[in-house]
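In the working numbering, the protein residues as written are 46 to 342.
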């Protein structure tokens with residue numbers, strides 16, 4: 046019924062990520078209707094239910110990472126639209142244990158971006174270790190960032206956005222950001238935490254420089270261009286730290302979707318029919334999309 050267009054789809058299509066399956070169908074922000082059930086599916090789902098299919102689709106359940114609640118680091122993890130065909134198609138499959146019940150009150154096209162952009166942004170916010178009422182910097186303001194900003198604002202954060210697009214800066218301000226400036230400009234205040242959504246390694250340095258003492262930078266991308274050399278005194282001293290964000294757990298997904306059920310999120314972005322998926326990816330690559338693009342059946 047709907048599938049979000051994520052930058053990870055672009056990384057797979059353009060070869061930034063190593064191929065896991067030849068000629069795989071992209072798409073991992075899938076909102077669909079159950080049309081058939083496998084023999085071992087539990088009673089949570091029935092034919093006709095609206096469900097979500099997200100990026101993570103398999104973990105082993107027995108490795109140290111799974112046992113410790115960090116299944117996103119499972120060496121046997123598998124992903125929709127990378128290891129298995131995804132949602133740029135009429136039908137898709139998912140193991141029942143990884144299918145997601147969806148909150149009411151949203152249309153299919155509003156829900157689709159929540160299933161990766163929203164979930165991974167939620168995990169990035171956790172990894173950024175933002176203190177209550179703290180100052181959060183967001184670098185890049187696409188599909189994931191515009192949802193993450195709303196989560197942070199709902200929690201009382203002061204949000205500052207650094208992004209190259211004028212339309213994206215206007216969107217940030219309309220959602221309640223305290224400031225929005227070009228990606229090359231520093232924020233007006235020192236930051237307690239920051240999240241880098243843009244896949245641009247050069248931004249790691251100014252993001253670290255913008256952190257106050259003890260601040261944390263979370264890098265949310267699955268792919269990042271090379272990071273220039275760091276200067277210990279300028280970028281890391283005073284207990285500043287940088288953390289990567291790797292996929293998400295099912296617990297992250299359920300927690301974020303519960304948040305979305307109780308906090309109305311504004312989901313913006315263009316819509317494309319399924320047969321214009323290539324155009325949507327081209328627009329994303331060229332920076333012509335503000336918010337989150339979605340394919341519709």
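Note that CB positions come from ideal geometry on N, CA and C, so glycine has one too.
Taking only the alpha-carbon atoms, compute the straight-line gap between residue 150 and residue 276 and give it to the nearest angstrom. Here residue 150 refers to the residue found at position 105 of the chain shown. Here residue 276 refers to the residue found at position 231 of the chain shown. Rounded to whole angstroms, residue 150 to residue 276 spans 48 Å at the Cα level.
Smallest Cα separation from residue 230: which of 195, 257, 188, 182? Here the question's residue 230 lines up with position 185 in the chain shown. Here the closest residue by C-alpha is 182.
Span of the beta strand (DSSP E) holding residue 290? As a position in the chain shown, residue 290 is number 245, starting the count at 1. First-last for residue 290: undefined, no H or E at that position.
Please confirm if the segment 112 to 125 is in contact with the segment 304 to 314, defined as three or more CB-CB distances below 8 Å between the two stretches. Of all C-beta pairs linking the segment 112 to 125 to the segment 304 to 314, fewer than three are shorter than 8 Å, placing the two stretches out of contact.
Residue 313 and residue 47: beta carbons closer than 8 Å? As a working note, residue 313 is residue 268 in the chain shown. As a working note, residue 47 is residue 2 in the chain shown. Taking 8 Å as the Cβ cut-off, residue 313 and residue 47 do not qualify as a contacting pair.
Endpoints, beta strand (DSSP E) assigned at residue 47: Counted from its first residue, the chain shown places residue 47 at position 2. That run of the beta strand (DSSP E) goes 47 to 50.
List in chain order: all unbroken alpha helix (DSSP H) runs of 4+ residues lying wholly within the segment 201 to 252. Counting only runs that start and end inside the segment 201 to 252, the alpha helix (DSSP H) elements of at least 4 residues fall at 211 to 220.
Candidates 244, 233, 193: closest to residue 220 by CA position: Taking the first residue of the chain shown as 1, we reach residue 220 at position 175. Considering only alpha carbons, the answer is 193.
One question on the structure: do residue 97 and residue 76 come within less than 8 Å of each other, judged by their Cβ atoms? Within the chain shown, residue 97 is the residue found at index 52, counting from 1. Within the chain shown, residue 76 is the residue found at index 31, counting from 1. Against a cut-off of 8 Å, the Cβ pair of residue 76 and residue 97 comes out as a contact.
For residue 102 and residue 136, believed in contact at Cβ under 8 Å, the rounded distance: Looking up residue 136 in the chain shown gives position 91. Looking up residue 102 in the chain shown gives position 57. Between residue 102 and residue 136 the Cβ distance is about 15 Å, and since that is not below 8 Å, they are no contact.
By the DSSP assignment, the alpha helix (DSSP H) with residue 153 in it spans what residues? Your numbering for residue 153 matches position 108 in the chain shown. Judged by DSSP secondary structure, residue 153 falls within the alpha helix (DSSP H) whose first and last residues are 153 to 156.
Assuming residue 161 contacts residue 284 under a Cβ cut-off of 8 Å, what Cβ separation, rounded to an integer in Å, is found between them? Along the chain shown, one-based indexing puts residue 161 at 116. Along the chain shown, one-based indexing puts residue 284 at 239. Not really, about 31 Å apart at Cβ, beyond 8 Å.
Through-space distance from residue 187 to residue 249, alpha-carbon basis: Reading the chain shown from its first residue, position 204 is the one you call residue 249. Reading the chain shown from its first residue, position 142 is the one you call residue 187. Whole-angstrom Cα-Cα distance: 17 Å.
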